[in-house]
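*Asks:*
Protein chains: 4
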Amino acid sequence: MSQPQREVKVAIAGATGTVGQRFICLLSSHPYFRISSLHASPRSAGKAYKDVVKWKQAVRLPKGVQDLVVRSCDADQFGDAEIVFSGLDSDVAGEVEEALRKAEYAVFSNAGNFRRDPLVPLCVPLVNPSHFAIVPHQKQQLGLKKGFIITNANCSTTGIVVPLHALEKAFGPLETVMVTTMQAISGAGYPGVPSLDILDNVVPYIGKEEEKIEWELAKILGGLSDDMTEFDYHSKHPMKVSAHCNRVPVVDGHLECMSIRFARRPPPSPQQVKDALKAFYCEAQKMGCPSAPQQAIVVHEAPDRPQPRLDRHDENGANVHVGRVRECPVLDLKLVVLSSNVNIGAATSSIINAEYAIAKGIV
Amino acid sequence: MSQPQREVKVAIAGATGTVGQRFICLLSSHPYFRISSLHASPRSAGKAYKDVVKWKQAVRLPKGVQDLVVRSCDADQFGDAEIVFSGLDSDVAGEVEEALRKAEYAVFSNAGNFRRDPLVPLCVPLVNPSHFAIVPHQKQQLGLKKGFIITNANCSTTGIVVPLHALEKAFGPLETVMVTTMQAISGAGYPGVPSLDILDNVVPYIGKEEEKIEWELAKILGGLSDDMTEFDYHSKHPMKVSAHCNRVPVVDGHLECMSIRFARRPPPSPQQVKDALKAFYCEAQKMGCPSAPQQAIVVHEAPDRPQPRLDRHDENGANVHVGRVRECPVLDLKLVVLSSNVNIGAATSSIINAEYAIAKGIV
Amino acid sequence: MSQPQREVKVAIAGATGTVGQRFICLLSSHPYFRISSLHASPRSAGKAYKDVVKWKQAVRLPKGVQDLVVRSCDADQFGDAEIVFSGLDSDVAGEVEEALRKAEYAVFSNAGNFRRDPLVPLCVPLVNPSHFAIVPHQKQQLGLKKGFIITNANCSTTGIVVPLHALEKAFGPLETVMVTTMQAISGAGYPGVPSLDILDNVVPYIGKEEEKIEWELAKILGGLSDDMTEFDYHSKHPMKVSAHCNRVPVVDGHLECMSIRFARRPPPSPQQVKDALKAFYCEAQKMGCPSAPQQAIVVHEAPDRPQPRLDRHDENGANVHVGRVRECPVLDLKLVVLSSNVNIGAATSSIINAEYAIAKGIV
Amino acid sequence: MSQPQREVKVAIAGATGTVGQRFICLLSSHPYFRISSLHASPRSAGKAYKDVVKWKQAVRLPKGVQDLVVRSCDADQFGDAEIVFSGLDSDVAGEVEEALRKAEYAVFSNAGNFRRDPLVPLCVPLVNPSHFAIVPHQKQQLGLKKGFIITNANCSTTGIVVPLHALEKAFGPLETVMVTTMQAISGAGYPGVPSLDILDNVVPYIGKEEEKIEWELAKILGGLSDDMTEFDYHSKHPMKVSAHCNRVPVVDGHLECMSIRFARRPPPSPQQVKDALKAFYCEAQKMGCPSAPQQAIVVHEAPDRPQPRLDRHDENGANVHVGRVRECPVLDLKLVVLSSNVNIGAATSSIINAEYAIAKGIV
């Protein structure tokens, strides 16, 4: 599958935040996306990016953006960008993204505001870019020619939905998913989690996170109606999901312990599950999306892997790591999943979504 | 219930290790136990305790033991101690404890070697001191007058078995227990977990820990045969248990996320469960064991509690903290449990067991 | 020295903050101070303390204060308290403390606002309660009968000034002090340091901290003029001080590496220094202040001590730990100092200051 | 300056250890070094590398070495390698490296055994590759044709000696260096520092580290006699050095706070110092050594930089970061230095040394 013959101008909304900074890191060396403008709150507008950002990445601020003059998030400030990546906080994302869509921009958002919108795909690019098929309906309903919104999922959902999708593809519907997360502090942004709350500690609670996992899995793993106008939320095979969410003193990388049960009896064996996960090859890979991983799911045989510190940077955090696949005395199988919450769990997902949309001619 | 009229001499085997150091801290200010001798490996024997121990406690080495001359673990070195507390490593605990029992000592062991022995109580003092009733049979089978072994449970088992027992007492048998642990580094002893493995990391594996939880719960929650000679391993109401065990960068305090299902339909509500946990009052409390907590189970209403750093020192770590009691979309209920792995999860359990034995006249 | 025959009513200003919480912990079990009222910002006023505080201490909120109705910090809200302990943030402390003094309260403040005031003692209770002698002058200048302000020092200053004072007392004036601090996160309050800034990291900068150390040492180690109306700022023996301040991922306990040079030639030997530090016995101890430590300076011989996690809780954090006393190839001596920034470095200092004032009849 | 026209075969001794693993990471993608063999202890010999190594790097084990059969460290096992990189532990490094030199291998060692040898260069490649000029004398004295040993410095020395050298080059000799280090746990190897010693803690002691810094600086910053047979240890301008060494809970990256005094009066200003550090350009850069950094010393203006987590990966850890250059009230200047202890502080130094030797025709 080929890359576009042309460069594509992209803007970043919420460019000074932690997700915005990740967008900048990833897009500065992208093969065809070119950052045309950076947008942030009015108090940053008009100033050089390097003077307003508190750059907290472990790589240098790319030279190309240091002196870009930050613009406001008003829709008339986005010029000839074809795509807007949104790393906005949810308190402003709703209004800004809606205005951008109305102004005929293609918006790829990491914010949560439109995830439950019945016209908006909630898309993990290694799983359900097929949901993009609802975009024509979204445009039509709103009387738009080019403008639309596509969101990616919450970080803790993203990690587990990749192997869950691979398993449903191989073995049919899942009936039950139980997951306990151990989530990195970077998932809470900056300043985010106070150090006094998390050093030498675990906080067994993340506001609304459990509800997000329990709800988002159904939308992502479900399908579309035949006429491509409605999501089915996995309703043909209702799935019970239960989540415990914890914050742990880890910088990056969400680790999640799952127990699952398949509808099919007998269920696949651990070896069959591992084989299916290794063999998983997704649409975004087939379409040659440049930010998609080579190996979407890495399966570990070592008993103590995956681990956040050792595995989160593999393939720039674009893939998902699975280990400890074994039988569960209660459900069918237990496994451990590690994903880079700041990459595939956030900015990388938006970018692959956009690459896929380019490849499919949706943008 | 009264305390003994007399002081009771106790010896500590494995006195230089991390559990042994905890025994010293706890016993140095005990109302009636008096440390009569400290025992360690032959290379420490003959030297002053303060010169051989790498003291790693956050309190000073008690003056009374600094100059005690360490003795070997040979049974003839234990003098007139009535009780031996064992914090020995499992590679030597089997042989030493067996010899001590044969030499007619009452051995309260934190080691794992005899936990599965069909004659030895596996006793969490807030749960099943009733299992001490098998001790006469143990002595008889071995032709002993006073010698016996009582073990306490693995630290990750101990935390959850307290509320599980309270719930079984209130609502009848449990059918299913699913637990994901986040265990502190002190659970692995010293030097234990290398810092390179755990700083900014989680290790999703602790050797044999999951099997221990899955097995020990049945022995502890089960009963004794009518003739007090056999454990029933909860066999009247088989219970399915599934555990995921993780090591997290926390110094002390195991946090465990559980989902449970009762046999009884409908199950109790979250409020009923909280009420039952708060009302739980156990035998060790009734007997006035001085190291038993005032409130065995503390129930938290704050959504983000319990937390290791804030709750592990409550009542000297002798109790268990429960929070986030809520409905589970898959099983009946979800809850979070915090226990001090170095106290109720280790040395404190042995000590309360011994206090209970004293109170009951078993020693 | 005897304790007062009476109870003394004390109020706490800034009661919901981290220093305020420490005041509550320490004062709730105090032999003669009784908390009469708690004061915080207007938005907390009128509500029960337990409902407005985000209690972040590793001990339970004392029962006696849970239901105290929080009052505002207006001076007319402090009733018949004789002493006000202030844990206020510096943005409001100046105005509030001034008003309280004017309303004839004895204010013992942990805030920095009046530390450089030429009428206000900057008093580390183990070092220079002799500076209280300026209080009559302070009252007189302001036309007050009972009202005055006494501050304690910045936490990083407090740790090192105790041994420095002990050494000046034994060996005469110091000429040079070079110090590099490694300061705990609790020193920055709550929410304070974002976890993303400090997990797996050190921040080699704490705003204005180096200037504070360099300035405060002179005021504290200096004397008073003969007429008790002016501080001499160590001007008879000018002292050069240079500080590097760092924030490290430690919850509590500031560790500080010092190199020092005495005026006297030849300088004392490491052994003489250790002996002098051990022998140090201060006015607050002589006067029987109940919160003063038994041993003001603990000297360690183990090469790897003191350490924050192991030594910060000794004597409730009221003392200072010194280790690694050795020759310095550049100045005279090198040593390492550990102090509990939340205790002797903050609330405990204010409380001992107040105890000393009571003992001296200043309050 | 050009790269060699040919590939150079290199062997790694101590290949399973932490430094050896770093050598593998760095050499697997090197432009002209090719790993020809891996060497470790006898118990690993004969087995595939992937089966004996506990791979603890945050990148995957390179495919090219996974199945290499590990050989012993006997000199006859090194085949036709031209260069041996040694990451051996000091308990075996002395003997093995000596035997390799005698067998006519060019040994570039990270071990400490030969650092004080009067014939062996102690070479930080960004500072004193000029010391390679003693190699002919080394060979001659030992009757060798090609065999020699070159060591690199201890990690905590390496970080500071780079800016110290740059400053001596610009402003003449230094008279005094005072340094307090905050060193990462990876500097102690694996298993290295027990997590119980360092989580929520600082250890103010690293065995022999202070002596190493105090001694190594003189050898590295000093020159060679005119006949290239002796080091002068900075003896023309004796330099006083005093170090405090601390271990902090940071994975990688040593942070060091320095105060320095120049011989020259008046000393350079902070701005002059910053300009000189920025302008520093070293021999290894001029010779085009491919592993040398583009910018050897990065100077930060932000008041809170450098920081380990944010700056340690810059230029693959091959450079050194300096910040907070300011006047010192005691000596002339204060500054903060950050270096990647596992890269320029260890394996990267050996590799650039070897590249330089190749470029100069010494190998």
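Chains as they are written, first to last, in my numbering: chain A, 1 to 363; chain B, 1 to 363; chain C, 1 to 363; chain D, 1 to 363. From the three backbone atoms N, C-alpha and C, an ideal C-beta is built for every residue, glycine too. Just so you know, these numbers come straight off a predicted model, no measurement behind them.
Residues in the same chain with beta-carbon distance under 6 Å from residue 299/D, minus the five sequence neighbours each way, listed in chain order, please.
*Replies:* Taking the fourth sequence and counting its residues from 1, the one referred to as residue 299/D is at position 299. Closer than 6 Å at the Cβ level, and outside the excluded window around residue 299/D, lie 274, 277, 278 and 322.
*Asks:* Who does residue 181/C pair with in a DSSP beta bridge?
*Replies:* On the third sequence, position 181 is the one that residue 181/C refers to. According to DSSP, residue 181/C bridges with 245/C and 256/C.
*Asks:* Identify which residue in 205/D, 312/D and 260/D has its Cα closest to the Cα of residue 382/D.
*Replies:* In the structure as shown, chain D starts at 1 and stops at 363, and residue 382/D therefore has no counterpart that could be examined.
*Asks:* Among 201/B, 344/B, 117/B and 25/B, which residue has its Cα nearest to the Cα of residue 311/B?
*Replies:* Taking the first residue of the second sequence as 1, we reach residue 311/B at position 311. Out of 201/B, 344/B, 117/B and 25/B, 344/B has the C-alpha closest to the C-alpha of residue 311/B.
*Asks:* Locate the alpha helix (DSSP H) running through residue 351/B, then write down its first and last residues.
*Replies:* In the second sequence, counting from the first residue as 1, residue 351/B sits at position 351. Here the alpha helix (DSSP H) through residue 351/B covers 348-359.
*Asks:* Ordered along the chain, which non-local residues of its own chain (more than five positions away) have a Cβ less than 6 Å from that of residue 360/B?
*Replies:* Position 360 of the second sequence, counted from the start, is the residue given in the question as residue 360/B. Nothing listed; no residue qualifies.
*Asks:* Does any C-beta atom of chain C lie closer than 8 Å to the C-beta of residue 332/D?
*Replies:* Taking the fourth sequence and counting its residues from 1, one reaches residue 332/D at position 332. No - not a single Cβ of chain C is within 8 Å of the one on residue 332/D.
*Asks:* How far does the alpha helix (DSSP H) with residue 229/A in it extend, from its first residue to its last?
*Replies:* Stepping through the first sequence from its first residue, residue 229/A is reached at position 229. Residue 229/A -> no alpha helix (DSSP H), and no H or E assigned at all.
*Asks:* Does the CB of residue 314/A have a neighbour CB from chain B at under 8 Å?
*Replies:* To locate residue 314/A, count along the first sequence from 1; it is residue 314. Chain B, which has no Cβ nearer than 8 Å to the Cβ of residue 314/A, makes this no.
*Asks:* Would residue 156/B and residue 256/B be called neighbours here (beta carbons separated by less than 8 Å)?
*Replies:* Position 156 of the second sequence holds residue 156/B. Position 256 of the second sequence holds residue 256/B. Result yes, Cβ atoms of residue 156/B and residue 256/B sit closer than 8 Å.
*Asks:* Taking C-beta pairs closer than 7 Å, name the residues in chain B that residue 198/D reaches, listed in chain order.
*Replies:* For the purposes of this step, residue 198/D is identified with residue 198 of the fourth sequence, where counting begins at 1. 195, listed in chain order.
*Asks:* Can you look up residue 240/C in the DSSP assignment and give me helix, strand or coil?
*Replies:* Walking along the third sequence from the start, residue 240/C turns up at place 240. It is a strand residue.
*Asks:* Using 8 Å as the cut-off, can you tell me whether the segment 174-189 of chain D makes contact with the segment 121-130 of chain D, which would need three or more C-beta pairs spanning the two stretches below that distance?
*Replies:* With a cut-off of 8 Å, the segment 121-130 of chain D and the segment 174-189 of chain D do not count as touching, because too few Cβ pairs lie within range.
*Asks:* Please say whether residue 142/B and residue 217/B have beta carbons closer to each other than 8 Å?
*Replies:* Taking the first residue of the second sequence as 1, we reach residue 217/B at position 217. Taking the first residue of the second sequence as 1, we reach residue 142/B at position 142. Result no, Cβ atoms of residue 217/B and residue 142/B do not sit closer than 8 Å.
*Asks:* Our contact map puts residue 35/C next to residue 8/C with C-beta atoms below 8 Å; I'd like the distance itself, whole angstroms only.
*Replies:* Counted from its first residue, the third sequence places residue 35/C at position 35. Counted from its first residue, the third sequence places residue 8/C at position 8. Going by Cβ atoms, the distance from residue 35/C to residue 8/C rounds to 11 Å, so no, they are not a contact pair.
*Asks:* Quick one: what does DSSP say residue 261/A is sitting in, helix, strand or coil?
*Replies:* Taking the first residue of the first sequence as position 1, residue 261/A is located at position 261. Looking at residue 261/A - three-state DSSP - the assignment turns out to be strand.
*Asks:* Flag residue 307/D as yes if its beta-carbon sits less than 8 Å from any beta-carbon of chain C, otherwise no.
*Replies:* Position 307 of the fourth sequence, counting from 1, holds the residue named residue 307/D. With 8 Å as the cut-off, residue 307/D counts as an interface residue toward chain C.
*Asks:* Between residue 190/C and chain A, is there a C-beta pair that is closer than 8 Å?
*Replies:* As a first step, residue 190/C is located in the third sequence; it is residue number 190 there, counting from the start. Taking Cβ atoms only, chain A reaches closer than 8 Å to residue 190/C, which makes this a yes.
*Asks:* Please list, in chain order, the residues of the segment 40-65 of chain B that have any C-beta partner in chain A closer than 7 Å.
*Replies:* Residues: none.
*Asks:* Does DSSP classify residue 198/A as helix, strand or coil?
*Replies:* The residue given as residue 198/A occupies position 198 in the first sequence. It is helical.
*Asks:* Buried or exposed: where does residue 356/A fall if 16 or more other Cβ atoms within 10 Å of its Cβ makes it buried?
*Replies:* Indexing the first sequence from 1 puts residue 356/A at position 356. With 16 or more other Cβ atoms within 10 Å, it is buried.
*Asks:* What residue range does the alpha helix (DSSP H) around residue 137/A cover?
*Replies:* The sequence position of residue 137/A within the first sequence is 137, counting from 1. First-last of the alpha helix (DSSP H) with residue 137/A: 135-142.
*Asks:* Considering only DSSP beta bridges, list what residue 322/A is partnered with.
*Replies:* Counted from its first residue, the first sequence places residue 322/A at position 322. 299/A and 337/A.
*Asks:* Ordered along the chain, which non-local residues of its own chain (more than five positions away) have a Cβ less than 6 Å from that of residue 100/D?
*Replies:* The residue you call residue 100/D lines up with position 100 of the fourth sequence. 75, 84 and 107.
*Asks:* Which term fits residue 225/C, buried or exposed, when burial requires 16 or more other beta carbons within 10 angstroms of its beta carbon?
*Replies:* Mapped onto the third sequence, residue 225/C falls at position 225. Classification of residue 225/C: exposed, given that the 10 Å Cβ count is below 16.
*Asks:* Near residue 170/A, what residues of its chain come up, given a Cβ to Cβ distance below 7 Å and the 5 sequence neighbours on each side ignored?
*Replies:* Mapped onto the first sequence, residue 170/A falls at position 170. If we look at residue 170/A and ignore the five residues flanking it on each side, its Cβ neighbours are 276.
*Asks:* Report yes or no: is there a C-beta of chain B within less than 8 Å of the C-beta of residue 277/C?
*Replies:* To locate residue 277/C, count along the third sequence from 1; it is residue 277. Not an interface residue.
*Asks:* Would you say residue 310/A reaches chain D, if we count a Cβ-Cβ gap shorter than 8 Å as a contact?
*Replies:* By one-based count along the first sequence, residue 310/A stands at place 310. Yes, contact with chain D.
*Asks:* Confirm, please, whether the CB-CB distance from residue 296/B to residue 320/B is below 8 Å.
*Replies:* Against the second sequence, residue 320/B aligns to sequence position 320. Against the second sequence, residue 296/B aligns to sequence position 296. The answer is yes: Cβ separation under 8 Å.
*Asks:* Just to confirm, are residue 270/A and residue 214/A a CB contact at a threshold of 8 Å?
*Replies:* Within the first sequence, the letter at position 270 stands for residue 270/A. Within the first sequence, the letter at position 214 stands for residue 214/A. Contact flag unset, no.
*Asks:* Taking 7 Å as the cut-off, is the beta-carbon of residue 238/A closer than that to any non-hydrogen atom of the ligand ADP?
*Replies:* As for the ligand ADP, it is missing from this structure, which has no ligand bound.
*Asks:* Check the C-beta distance from residue 13/B over to residue 86/B and give it rounded, since I have them as a contact under 8 Å.
*Replies:* Here residue 13/B refers to the residue found at position 13 when the second sequence is read from its first residue. Here residue 86/B refers to the residue found at position 86 when the second sequence is read from its first residue. About 5 Å separates the two Cβ atoms, so the contact holds.
*Asks:* Judging by CA-CA distance, which residue of 147/B, 138/B, 198/B and 246/B is the nearest neighbour of residue 209/B?
*Replies:* Position 209 of the second sequence, counting from 1, holds the residue named residue 209/B. The shortest C-alpha separation from residue 209/B is found at 246/B.
*Asks:* Could you confirm whether any beta carbon from chain D is found closer than 8 Å to the beta carbon of residue 238/B?
*Replies:* Here residue 238/B is taken as the residue at index 238 of the second sequence, counted from 1. So no, residue 238/B is outside the interface.
*Asks:* Compare the C-alpha of residue 38/B against each of 31/B, 32/B, 258/B and 52/B and name the closest.
*Replies:* Locating residue 38/B in the second sequence gives position 38, counting from the first residue. Per the Cα distances, 52/B.
*Asks:* Give the secondary structure of residue 13/B by DSSP, where H, G and I count as helix, E and B as strand, and everything else as coil.
*Replies:* As a position in the second sequence, residue 13/B is number 13, starting the count at 1. Reduced to three states, the DSSP call for residue 13/B is strand.
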